[in-house]
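Visitor:
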Amino acid sequence: MTLPDPQFNSLGELHHFIDLDGLNREQLTQILDTAEGFAGVNDRTVKKVPLLRGKTVANLFFENSTRTRTAFELAAKRLSADILNVDLVTSSTAKGESLLDTLRVLESLQCDMFIVRHGDSGAAHFIARHVAPSINVINGGDGQHAHPTQGMLDMFTIRRHKGEFQNLCVVIIGDIRHSRVARSDISALVKLGTGEVRVVGPRTLIPAEVEALGVTVYPSIDKALIGADVIMGLRLQKERMQTATVPSSSEFYRTFGLTPERLTLAKPDALVMHPGPTNRGVEIAGSVADGQQSVILEQVTYGIAVRMAVMSIVMGNATSLRRAEA
Amino acid sequence: MTLPDPQFNSLGELHHFIDLDGLNREQLTQILDTAEGFAGVNDRTVKKVPLLRGKTVANLFFENSTRTRTAFELAAKRLSADILNVDLVTSSTAKGESLLDTLRVLESLQCDMFIVRHGDSGAAHFIARHVAPSINVINGGDGQHAHPTQGMLDMFTIRRHKGEFQNLCVVIIGDIRHSRVARSDISALVKLGTGEVRVVGPRTLIPAEVEALGVTVYPSIDKALIGADVIMGLRLQKERMQTATVPSSSEFYRTFGLTPERLTLAKPDALVMHPGPTNRGVEIAGSVADGQQSVILEQVTYGIAVRMAVMSIVMGNATSLRRAEA
Amino acid sequence: MTLPDPQFNSLGELHHFIDLDGLNREQLTQILDTAEGFAGVNDRTVKKVPLLRGKTVANLFFENSTRTRTAFELAAKRLSADILNVDLVTSSTAKGESLLDTLRVLESLQCDMFIVRHGDSGAAHFIARHVAPSINVINGGDGQHAHPTQGMLDMFTIRRHKGEFQNLCVVIIGDIRHSRVARSDISALVKLGTGEVRVVGPRTLIPAEVEALGVTVYPSIDKALIGADVIMGLRLQKERMQTATVPSSSEFYRTFGLTPERLTLAKPDALVMHPGPTNRGVEIAGSVADGQQSVILEQVTYGIAVRMAVMSIVMGNATSLRRAEA
Chain A
144 MTLPDPQFNS LGELHHFIDL DGLNREQLTQ ILDTAEGFAG VNDRTVKKVP
194 LLRGKTVANL FFENSTRTRT AFELAAKRLS ADILNVDLVT SSTAKGESLL
244 DTLRVLESLQ CDMFIVRHGD SGAAHFIARH VAPSINVING GDGQHAHPTQ
294 GMLDMFTIRR HKGEFQNLCV VIIGDIRHSR VARSDISALV KLGTGEVRVV
344 GPRTLIPAEV EALGVTVYPS IDKALIGADV IMGLRLQKER MQTATVPSSS
394 EFYRTFGLTP ERLTLAKPDA LVMHPGPTNR GVEIAGSVAD GQQSVILEQV
444 TYGIAVRMAV MSIVMGNATS LRRAEA
Chain B
144 MTLPDPQFNS LGELHHFIDL DGLNREQLTQ ILDTAEGFAG VNDRTVKKVP
194 LLRGKTVANL FFENSTRTRT AFELAAKRLS ADILNVDLVT SSTAKGESLL
244 DTLRVLESLQ CDMFIVRHGD SGAAHFIARH VAPSINVING GDGQHAHPTQ
294 GMLDMFTIRR HKGEFQNLCV VIIGDIRHSR VARSDISALV KLGTGEVRVV
344 GPRTLIPAEV EALGVTVYPS IDKALIGADV IMGLRLQKER MQTATVPSSS
394 EFYRTFGLTP ERLTLAKPDA LVMHPGPTNR GVEIAGSVAD GQQSVILEQV
444 TYGIAVRMAV MSIVMGNATS LRRAEA
Chain C
144 MTLPDPQFNS LGELHHFIDL DGLNREQLTQ ILDTAEGFAG VNDRTVKKVP
194 LLRGKTVANL FFENSTRTRT AFELAAKRLS ADILNVDLVT SSTAKGESLL
244 DTLRVLESLQ CDMFIVRHGD SGAAHFIARH VAPSINVING GDGQHAHPTQ
294 GMLDMFTIRR HKGEFQNLCV VIIGDIRHSR VARSDISALV KLGTGEVRVV
344 GPRTLIPAEV EALGVTVYPS IDKALIGADV IMGLRLQKER MQTATVPSSS
394 EFYRTFGLTP ERLTLAKPDA LVMHPGPTNR GVEIAGSVAD GQQSVILEQV
444 TYGIAVRMAV MSIVMGNATS LRRAEA
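Protein chains in written order, with this note's numbering: chain A, 144 to 469; chain B, 144 to 469; chain C, 144 to 469.
1) How is L163/C classed by DSSP in three states: helix, strand or coil?
2) Measuring CB to CB, does T444/A end up less than 7 Å from S251/C?
3) If you run the structure through DSSP and keep just helix, strand and coil, what is F151/A?
4) Check whether the Cβ atoms of G294/B and L163/B sit closer than 7 Å, and answer yes or no.
5) I want to know whether the region 180-188 of chain B touches the region 172-188 of chain C - three or more CB-CB distances under 8 Å.
6) Please report how far the alpha carbon of G357/B lies from the alpha carbon of R196/B, in whole angstroms.
7) Return the chain-ordered list of same chain residues with a C-beta closer than 8 Å to the C-beta of A237/A, the five sequence neighbours on each side being excluded.
8) I need the straight-line Cα distance from N279/C to Q380/B, nearest angstrom please.
9) Given 6 Å as the limit, tell me if L222/A has its C-beta closer than that to any heavy atom belonging to the ligand NAD.
10) A428/A by DSSP, collapsed to three states: which one?
11) What is the rounded straight-line gap between the Cα of I456/C and the Cα of A178/C?
12) Name the two residues that bound the continuous beta strand (DSSP E) containing A201/B.
13) Would you identify the three-state DSSP class for F308/B, choosing helix, strand or coil?
14) Could you pull the start and end residues of the alpha helix (DSSP H) that N185/A belongs to?
15) For the beta strand (DSSP E) containing G376/C, name the first residue and the last one.
16) Step through the CB atoms of chain B and report whether any lies within less than 7 Å of the CB of L243/C.
17) Evaluate L487/C with the Cβ neighbour count: other Cβ atoms within 10 Å of its Cβ, from every protein chain shown; 16 or more gives buried, anything less gives exposed.
18) Going along chain B, which residues have a C-beta under 8 Å from E216/C?
19) Which same chain residues, not among the five before or five after Q253/A, have their C-beta less than 8 Å away from its C-beta?
20) Would L194/B pass as an interface residue toward chain C - the criterion being a Cβ-Cβ separation below 7 Å?
21) Are the C-beta atoms of R378/A and some chain B residue less than 7 Å apart?
22) When we look at the beta-carbon of H273/C and count the other beta-carbons within 10 Å, is it buried (16 or more) or exposed?
23) Report the option in C312/B, D263/B and F151/B whose CA atom is closest to the CA atom of K410/B.
24) I'd like the list of long-range same chain contacts for G262/A, defined as Cβ closer than 7 Å, with 5 residues on each side in sequence excluded.
25) Would you mind reading off the limits of the beta strand (DSSP E) that contains E339/C?
26) Consider the Cβ of N207/A: report whether some Cβ of chain B lies at a distance smaller than 7 Å.
27) Compute the distance between the beta-carbons of Y361/A and V343/A, then report whether it is under 7 Å.
28) Report the CB separation of E404/A from G317/A in whole angstroms; it is logged as a contact under 8 Å.
29) Please name the residue, chosen from R303/A, F299/A, R260/A and R378/A, that lies closest to I315/A on a Cα-to-Cα basis.
30) According to DSSP, is T359/C helix, strand or coil?
31) For N282/A, write down the residues that DSSP places opposite it in a beta bridge.
32) Determine the direct distance from the alpha carbon of R221/A to that of S437/B, and round the result to whole angstroms.
33) Does the beta carbon of S437/C sit closer than 7 Å to a beta carbon anywhere in chain A?
34) Pull the bridge partners of L228/A from the DSSP assignment, please.
35) Tell me whether G283/B is buried or exposed, calling it buried when 16 or more other Cβ atoms sit within 10 Å of its Cβ.
36) Do V259/B and L203/B come within 7 Å of each other at the CB atom, strictly closer than that value?
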């Protein structure tokens with residue numbers, strides 16, 4: 144017997160959005176379809192819909208990330224929610240409050256949704272398990288565990304360009320071991336029935352058990368790229384390069400960098416993706432990052448529609464559950 | 144002859160909200176009654192009313208307090224006001240501007256209301272005396288002087304649970320001397336005709352003149368708790384414990400901590416209150432803070448409705464005064 | 144042949160607002176006339192118009208300035224835009240992103256307007272040249288180059304009090320060399336056909352080529368003030384006073400400070416202006432800054448209407464261009 148996935152409410156609907164492992168193909172597809180509608184909103188002159196009017200969304204960022212925080216803030220504003228940016232460093236540590244005490248206070252202030260970004264794996268899960276039932280928790284990235292909205296915006300970008308997933312060959316390059324993005328991408332790609340998912344990177348950065356997830360480990364980037372429809376780079380954490388097990392920047396670029404020459408090994412219309420910010424000359428050549436096949440900035444744009452979709456789905460389910468219980 | 148209370152306008156209506164001393168029972172009751180209406184707004188799906196639409200509320204926090212700042216920010220947003228968070232550390236000190244110069248600039252930017260939090264007693268008073276007549280000032284806590292919105296949310300919490308005040312026995316425990324919360328609570332409790340208000344704490348932390356305010360000093364917490372309807376803890380400032388006159392944390396807990404055993408001395412339905420954040424194991428046992436009789440988190444929730452009430456009352460009076468003068 | 148001014152779109156309309164040099168008298172007058180309408184909005188009870196509803200304005204402040212940032216934030220809110228405050232210190236440096244990468248991300252997040260404040264001359268220009276065509280850039284002050292919204296609010300203040308410019312004698316006092324405010328004021332005053340513009344200050348702080356701009360350099364403040372209709376002080380950067388070429392505070396005040404005695408040399412109804420924050424007892428006597436002839440705080444107030452005008456004009460042109468191209 145396994146514990147029920149805390150992401151779902153008693154009606155089996157999505158209540159929190161913590162990682163993609165518990166979601167099935169239909170649920171992933173519903174998010175992508177909903178995001179499709181919001182992508183249109185962002186092209187309109189007035190980029191606003193009133194779906195979350197009168198709701199309060201609290202950004203709980205325990206780890207700095209202007210890019211992700213901003214994307215969530217814009218998504219919330221375009222849904223007409225009120226946004227509360229809570230500085231968790233000054234508030235909780237200054238007066239010695241525990242995380243749970245802080246959560247209780249934010250619940251009591253009648254926030255409706257928490258966006259959680261945390262340096263520790265499992266933090267969003269922990270918060271979802273301890274939060275009041277009226278509150279939706281969305282994981283904005285937790286340690287090396289998951290970054291599910293990044294995973295979904297990557298899927299959205301692929302689907303917009305390539306349509307269905309079953310015939311695609313997707314290559315993920317770099318530090319698979321420490322990447323929450325890789326973890327979420329692999330989970331979504333496999334669930335959506337992607338034809339082939341290949342991973343390649345320094346031996347020390349490929350987890351032994353990764354093939355069990357449904358991917359194939361390739362020994363060399365050149366072999367991995369042959370026939371690829373989608374190439375996903377990952378950000379190499381420079382902090383890690385100081386340990387003996389990880390190659391230097393220049394060595395990494397020589398062995399695994401996505402150069403213009405290597406790009407020609409993939410299909411001519413292969414997409415180049417990266418969660419950003421890129422280290423040019425480390426994971427990817429500047430000319431490739433800025434080149435015709437790159438959709439790196441589209442990923443940023445679609446991130447808003449995808450986050451609007453996730454936020455409105457979990458909030459809508461919360462409302463329908465309250466109605467069902469009343 | 145005494146100077147007129149600067150909290151009132153020429154029509155005798157509340158214009159600023161600085162401390163509770165100048166308010167009479169009717170005025171306190173009006174705030175509680177108005178908050179009652181807003182408590183309903185916070186339970187609605189769309190938690191917004193348009194009362195302060197197009198008004199600008201500036202949060203002037205000279206002292207850090209995420210909890211109070213957030214509560215005021217949410218109250219303002221639920222009244223549909225625009226909120227401006229002014230970082231007063233960088234702005235005023237970096238360019239050597241005086242406080243009055245800063246106030247003049249904010250006035251000139253046509254802000255309608257200032258929420259002031261300051262480490263010095265009397266700061267909100269000073270600002271109210273020097274501000275343009277069109278601006279309402281609300282005290283969000285000044286030094287050891289007053290914290291009137293905390294006082295009112297405490298009264299609101301008591302009234303919601305206990306109805307009228309005249310038959311109640313309320314006990315306030317701890318550092319009465321340095322607590323702006325205690326000062327505002329005592330003022331409100333006495334004005335509202337509370338049957339009996341008892342204070343108890345280390346001898347060095349009970350001001351000599353406190354009985355003149357209408358309270359009874361008790362020598363021991365056990366005696367004070369007998370027959371209590373409401374028990375209010377106060378936050379013990381750890382900074383003060385380093386001085387010789389204040390007991391250590393463990394000594395304080397042994398002599399004045401609200402333990403489960405001591406709680407049984409009070410009436411079985413006695414409320415346990417605390418302005419937060421609590422020091423568990425110092426002022427209060429964790430099990431009491433989280434227990435059935437605790438309304439500590441309700442206090443946080445009611446803080447929004449009470450602040451909405453105060454903000455809309457002073458703003459409404461400002462509008463009616465402008466109309467009367469026109 | 145000169146390069147086209149990047150401030151204008153293909154229809155010759157204002158698209159960015161970087162400096163006043165490229166604008167002609169009609170364009171400056173259009174801004175002043177539009178601001179006249181918004182000055183009324185700021186006097187209304189509900190200080191809001193829906194002109195920028197659904198638009199996202201990003202405050203990109205690379206240099207701290209609470210006063211200017213707040214004025215832009217209020218202007219955007221009163222136009223009903225969504226405002227995004229981007230902390231560029233933590234975001235761009237922490238992960239080693241270049242300025243251009245940061246701009247690309249903000250573009251991809253579908254911001255509509257960037258307000259840029261930067262310590263380097265030319266930064267707003269650089270950003271306008273590299274930004275996506277859909278985005279409007281407004282210069283909130285760049286190095287020693289320009290501060291065009293300050294220039295326009297100064298013109299607005301003068302016009303409100305004095306009507307037409309052709310008969311006016313305007314005196315600008317102080318550090319002309321390093322002042323972006325002086326540069327923008329001189330440009331606007333000359334274009335608007337001001338009768339006479341005089342500058343006066345320490346010899347080391349008057350650029351040699353300044354007379355080519357259409358102003359007269361005066362050797363002494365007393366001579367410059369005779370017959371003046373408008374007196375504009377400039378903020379003396381205390382950092383500069385440590386270099387040998389600039390006099391000390393007290394020496395500056397003795398030689399160039401605007402004292403009550405000196406003020407009597409000007410016309411009896413001369414306006415006293417200053418961009419703030421003032422150094423009292425350095426550029427100006429406190430009694431003059433607070434005196435009957437001072438309009439220093441009016442300048443702050445009018446800054447909101449002027450910024451609303453600039454923002455709505457460039458945004459309106461962007462919309463009409465998109466329509467023309469469609």
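C-beta atoms are modelled at their ideal positions from N, C-alpha and C, and glycine is treated no differently. It should be emphasised that the depicted structure is a prediction, and the values quoted were computed from it without experimental measurement.
Guide: Per the coordinate set shown:
1) The answer is coil: DSSP assigns L163/C none of H, G, I, E or B.
2) For the 7 Å CB-CB criterion, T444/A and S251/C form a contact.
3) In the structure shown, F151/A sits in a strand (DSSP, three-state: E or B).
4) In this structure, L163/B lies closer than 7 Å to G294/B by Cβ.
5) Short answer: they don't touch.
6) Annotation: G357/B to R196/B spans about 41 Å, alpha carbon to alpha carbon.
7) Note that A237/A scores a pLDDT of 42, beneath 50, so its modelled location is shaky and nothing firm can be said.
8) As the crow flies, the alpha-carbon of N279/C is around 50 Å from that of Q380/B.
9) In terms of ligand content, the structure shown is empty, and the ligand NAD therefore cannot be addressed.
10) A428/A falls in the coil class under three-state DSSP.
11) Their Cα atoms are separated by approximately 10 Å.
12) Looking at the DSSP string, the run of the beta strand (DSSP E) that includes A201/B is T199 to F204.
13) Coil at F308/B, not helix or strand.
14) Where N185/A is concerned, there is no enclosing alpha helix (DSSP H), because DSSP gives it neither an H nor an E.
15) Run containing G376/C: V373 to G376, per the beta strand (DSSP E) assignment.
16) Contact of L243/C with chain B is not assigned, every C-beta pair being separated by 7 Å or more.
17) Within the shown structure, residues of chain C are numbered from 144 to 469, placing residue 487/C beyond reach of any answer.
18) Using a Cβ-Cβ cut-off of 8 Å, E216/C is close to L227 of chain B, given in chain order.
19) Answer for Q253/A: T199, listed in chain order.
20) For L194/B, the answer is no, since every Cβ of chain C falls outside 7 Å of its Cβ.
21) Contacts with chain B at 7 Å (Cβ-Cβ) do not include R378/A.
22) Under this definition H273/C is an exposed residue.
23) When each option's Cα is compared against that of K410/B, the closest is C312/B.
24) Closer than 7 Å at Cβ, skipping near neighbours: F205, E206 and G286.
25) Note, E339/C: beta strand (DSSP E), E339 to V343.
26) For N207/A, the answer is no, since every Cβ of chain B falls outside 7 Å of its Cβ.
27) Contact check for Y361/A against V343/A passes: the beta carbons are separated by less than 7 Å.
28) Contact between E404/A and G317/A fails: their C-beta atoms lie close to 18 Å from each other, not under 8 Å.
29) Nearest C-alpha to I315/A: R378/A.
30) Looking at T359/C - three-state DSSP - the assignment turns out to be strand.
31) N282/A is bridged to V259/A.
32) S437/B and R221/A: Cα-Cα distance of roughly 39 Å.
33) With 7 Å as the cut-off, S437/C does not count as an interface residue toward chain A.
34) It should be pointed out that residue 228/A corresponds to Asn in this sequence rather than to Leu. In the DSSP assignment, the residues bridged to N228/A are N202/A.
35) In this structure G283/B is buried. Its beta-carbon is surrounded by 16 or more other beta-carbon atoms within 10 angstroms.
36) In this structure, V259/B lies closer than 7 Å to L203/B by Cβ.
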